[in-house]
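Residue numbers (the working numbering), protein chains in the order written: chain A, 10 to 710; chain B, 10 to 710.
C-beta: ideal position from N, C-alpha, C; glycine also.
Just so you know, these numbers come straight off a predicted model, no measurement behind them.
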């Protein structure tokens, strides 16, 4: 009930964020993005009387899939069928589209296996093994090393562990830094790169309500897409996949989300939060506005330009809304005050032990100092780089790739270690289409923004511009480059340093010129910021373990996590948001806006309305703790059956980057019933629905 | 678009109330509850290119109806048919109900005129004439009079004007104080007391979403009831009524609301606002909680008790939500800061003219002083009185009535002047049922609250309790009194002072004992607070006219006002609230809550769903400036046709008691199309629908 929010005891508080009562460190009941080595067993037993068994955890982990370009997914049939969000797959769907056949607009369904479309550059990962390598990594640091030497030693060790693991197992091997240097884990992934599109609805159905409704609830979105993993040209056979529960979860039922939350800053020091608030967010939001303006101007040239720009605009719009919500959280004095108090409590506890205090407490000051210093530099550093142009990025990576692989592994730039080369090549050789006119607009526009921000006399910009205007530079370089042809990139990659040095491609030339400047920048950052911060953060992590033990979860790192919670509405707008929505509500919202803009529905929704059971649940909310990267995560019940598909958080959840508030923080999911209802009655995708429901499995429910 | 709310320039602001940019004095574009002598012609011309003619204004005014117990309505046929909200008429509907035939739950429709049910004590008013009597009233005050003498002289003059007008015209005649003493107007009303119930839906349809959805939007309520005015036993024939526009208003269309906003405090000084925040609202909200608890306990005894208590609970719940919203506004530092700044700007303008400054500026200090003084007294004064018991109120009024009418008019207590006697009698002689057990519970419970608040030693409470417990007092008094019989009250009223003095009714006895205490209280208030405040407020009103002219509207006084605005959605919850909702949404919201509690719909809504056009608009919002008392007001287009029926404001509008914010303040109305769709397809009320649509009038639209 809303009454609590308006409690008479709450003085001088705004209603919007009035209910923060949870400590960052003393965890809220449903809080946490837990690693699979440290699942929240006690919390689950206490609050939900459920104990996840090792088998349960393993099955869930192996049924989950990471979409490497920034999302999550899951196996939903024994034949390699993978479910994710439309908005996670849309990059691939656009790359599979042509001006004549725009699958983003029209949707897609492969009636037969042979109609499934192979994605140009999609990599999926399944986390098959986790090994704690903290001791090994930390052992690489020898007494007397400077922070910079220590960082380098750790990175070299990590690269070595990754390479050895990869050589030994053939699996993608990533060492993951958890708790900001508190732990290091070797994660081994089964990697899949033959992934094919099976089904996608029209974007009007997937993103019904568009940017306006994005990050809000009640919602009515069919934000789902299905892909299939192939191995040796055949659909993957897998024992681990989630079964389907057609009628979803009840109100208040325990549910889990398994996926890859991208990044949270809940363990930041207060000085870091202030830096984010005063420097990073204002810069980033301004940059996004600038990029949006470039794309809007480009899209206005015509429908094909609009199609080309759409996905980037969608991504930027999404980012802007999310970042704005996060920024509002930072601007909220109550949020900041609470964070400050919790940090003070942590430091007070630390001070109870003088030895710990002496060893760890100075780290907070160190963090504050380096951020104060970096604040003066960050704007210039942000605008130096191959921002805006994908082709210039290709060029820079080709120059670096060919140069770096000639060095011993431990001396290479981050991102070019042996263990990282395969994924990098996969990206560099992608056959996804490149739109040269869009490239020009982005490149020229971003250069213009950089000039306005840091002045044309900046050595980086001077080199790029060479006395010309951004538009002249972009036009001549993009017109003349041949790097848009993947074969050209392949030839250079395979030709190595010699081939790249011999190349007269204008972008390769430019990349060669700017690379030393960018490396110098990077070196400065590493010496003065990154290595110092890493050492200090590691100290704070150890202090946290010393004070709180491992009762906590690490900040999100785009690695597999388990979240739990209940299906539950929340106080909103003076009333309550219901735990679910129905198809009636979809039609209501469309008609409430007279079917305008993003509230238009695909024609089939009107033509086939009479076939539908309008009481079918469409979306629902739950208290699980998620963030960007969790998009496409399955929502499962305690029998590990799919009851929904995460696709968003409500507007109140955006502050969750810094702090979790169970009273209002909600994950938003597509209901399992809607997916089946839509496949069967709107899209004539009977075969797909049957594959999901499984022969004789839970189809009757 | 929500973007504006999240503007990067807005630092340290909460989103909930971030967009106050409108001055109180420099009016917002759609702001204002305008009197009919001073309509916002310039604003309408400038913003909407519409000029209301004198004929238009007269027709609108004479088609509007005031529900004297606190609401608004309008004539919607030439045969005296009056439309209002169900929640305005529900008091009468309950009084017409019996345990066997609960019209609140079941709804009601009179198929034929002879089935229409006569309301026991409903008085309707139509404003037929307005005369400026400011000069006359102010002339009553002679030089050298004290504040108290001046107040008394004004009140006597007002009573005289009212009486003379009533004698001369036979019309109800009220002198209305506008701009807190800036102007006095004689309002003459045609009064109707033979009013009969024609149609009411079930309360589940009228208040769908209940207390939870109250004061929120999107909404889906059929909050309508129809009554008919009779004169000489026949339906009233009237030339002035609103025609019906079945398809309502378009998005962004200009609409008007004509009705009787109850009370606003927009012209209060900052000291008054602080008093409201620190003393009045906390007291009132606590009192409401106490009363609610009493009623809840009573209702739990059984279904009949629940039926008896329902309307009071509904009223208190409604008040609580509204007051809480207003209180939140006062607690919002930004609202208070803005108000303070605007007051400072007013004072600065005043200071530009030293003469004005000298004359008027001290009034602000005077107001501050009396509120500081009153703050110490108000709790005791609040709890002294016949609170909680309707029967004790009858007794007190009978004692006073019979005593006062023996005095010359100008010497009487306020409320007992000749001009006020008829309405007072109508109330005292009402045949509406009285539930003695409910009376006991209310009386005893309120006494207990009073003891807790001000102590049993308070002279008033001592007199009432006379050494007994609240429960004993209430039981014995209510059991023995015969004042629940309207005939007994009539006999006493007609028998005059002698009959009352001779009465041995225990409540009359008690009323005789407490009357002197209450009169003393009242006298203290009049001398020390009311008269001083009146003089100071009048000065501030004159200062306002001197500085701003009559470009402004007076605070609401439950007299007829004209508001204008556009049909328009608004930024809400990170997205947009649509300008209208549809029947699809009604079913969605019911099913979203699994049809539980106040989200259950009457069975006919499910049985007859197939008959309905689900795209029919249900409710809509507009920017007109309204407040409690406007309930039941017609929403009309510029051709004075009904497009909707006001029944609520959104949660963001509650702060409108103090400040109007066009960005988010919305009036919520039932759509004209929903009323017809419901009458025709859900309630088989064809005849009523046809009467409303009119033969050959706008039925085809």
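- Within the same chain, and ignoring the five residues on either side of residue 388 (chain B) in sequence, the residues whose Cβ sits closer than 7 Å to its Cβ are 292, 462, 463.
- Between residue 554 (chain B) and the set B:538, B:317, B:359, B:531, the nearest pair of CA atoms involves B:359.
- By a beta-carbon distance limit of 8 Å, residue 549 (chain A) does not contact residue 107 (chain A). Their separation comes to about 51 Å.
- By the neighbour-count criterion, in which 16 or more other beta carbons inside 10 Å mark a residue as buried, residue 287 (chain A) falls on the exposed side.
- For residue 402 (chain B), the closest Cβ of chain A is not nearer than 8 Å.
- Residues of the same chain with a CB within less than 8 Å of the CB of residue 682 (chain B), apart from the 5 flanking positions on each side, are 255, 256, 257, 625, 626 in chain order.
- Put simply, of A:127, A:48, A:209 the residue whose alpha carbon is nearest the alpha carbon of residue 99 (chain A) is A:209.
- A direct Cα-Cα distance of roughly 58 Å separates residue 314 (chain A) from residue 356 (chain B).
- Secondary structure at residue 324 (chain B): helix, using DSSP grouped into helix, strand and coil.
- In the three-state reduction of the DSSP assignment, residue 346 (chain B) falls in the helix class.
- Excluding sequence positions up to five before and after residue 101 (chain A), its CB lies within less than 6 Å of the CB of 128, 131, all in the same chain and listed in chain order.
- A distance below 8 Å separates the beta carbons of residue 297 (chain B) and residue 328 (chain B).
- Shown here, residue 582 (chain B) sits in coil according to DSSP, grouped into three states, outside any helix or strand.
- For residue 628 (chain B), no Cβ of chain A is located within less than 8 Å of the residue's own Cβ.
- Taking the Cα positions, residue 354 (chain B) is about 12 Å away from residue 557 (chain B).
- Using a Cβ distance threshold of 8 Å, residue 81 (chain B) and residue 62 (chain B) do not count as a contacting pair.
- A contact between stretches requires three or more CB pairs, one per stretch, nearer than 8 Å, and the segment 209-220 of chain A fails this requirement with the segment 157-173 of chain A.
- Taken through DSSP and simplified to helix, strand or coil, residue 617 (chain B) comes out as coil.
- Between the segment 193-204 of chain B and the segment 109-124 of chain B, the count of C-beta pairs closer than 8 Å stays below three; the two stretches do not touch.
- When C-beta distances to chain A are compared with 9 Å, the residues of the segment 207-226 of chain B below that value are 218, 220, 221, 222, 223, 224, 225, 226, in chain order.
- Restricting attention to beta strand (DSSP E) runs no shorter than 3 residues, the segment 121-173 of chain B encloses them at 133-141, ordered along the chain.
- Contact of residue 601 (chain B) with chain A by beta-carbon distance below 8 Å involves 227, 587, 588, 589, 590, 591, 594.
- Contact annotation: the segment 562-578 of chain B does not touch the segment 369-384 of chain B, with fewer than three C-beta pairs closer than 8 Å.
- Put simply, the backbone Cα of residue 488 (chain A) is about 46 Å away from that of residue 661 (chain A).
- Residue nearest to residue 143 (chain B) within the set B:192, B:149, B:540, B:125 is B:192 (criterion: CA-CA distance).
- DSSP, reduced to helix, strand and coil, places residue 572 (chain B) within a strand of the structure shown.
- Residue environment: residue 96 (chain A) is assigned as buried (16 or more neighbouring CB atoms within 10 Å of its CB, all protein chains considered).
- Residue 658 (chain B) and residue 79 (chain B) have their C-alpha atoms spaced approximately 16 Å apart.
- The beta carbon of residue 451 (chain B) sits closer than 7 Å to those of 303, 397, 398, all from its chain and outside the five residues before and after it, given in chain order.
- Looking at the DSSP output, residue 680 (chain A) bridges to A:653.
- Shown here, residue 40 (chain B) sits in coil according to DSSP, grouped into three states, outside any helix or strand.
- Residue 583 (chain A) reaches chain B at 224, 225, 660, counting residues in chain order whose Cβ is nearer than 7 Å.
- Ranked by Cα distance from residue 492 (chain B), the options B:526, B:443, B:475 are led by B:443.
- In the three-state reduction of the DSSP assignment, residue 182 (chain A) falls in the strand class, which pools E and B.
- Along the segment 61-94 of chain B, the alpha helix (DSSP H) occurs as fully enclosed runs of 4 or more residues at 63-72, listed in sequence order.
- At a C-beta separation below 7 Å, residue 624 (chain A) has these neighbours in chain B: 600.
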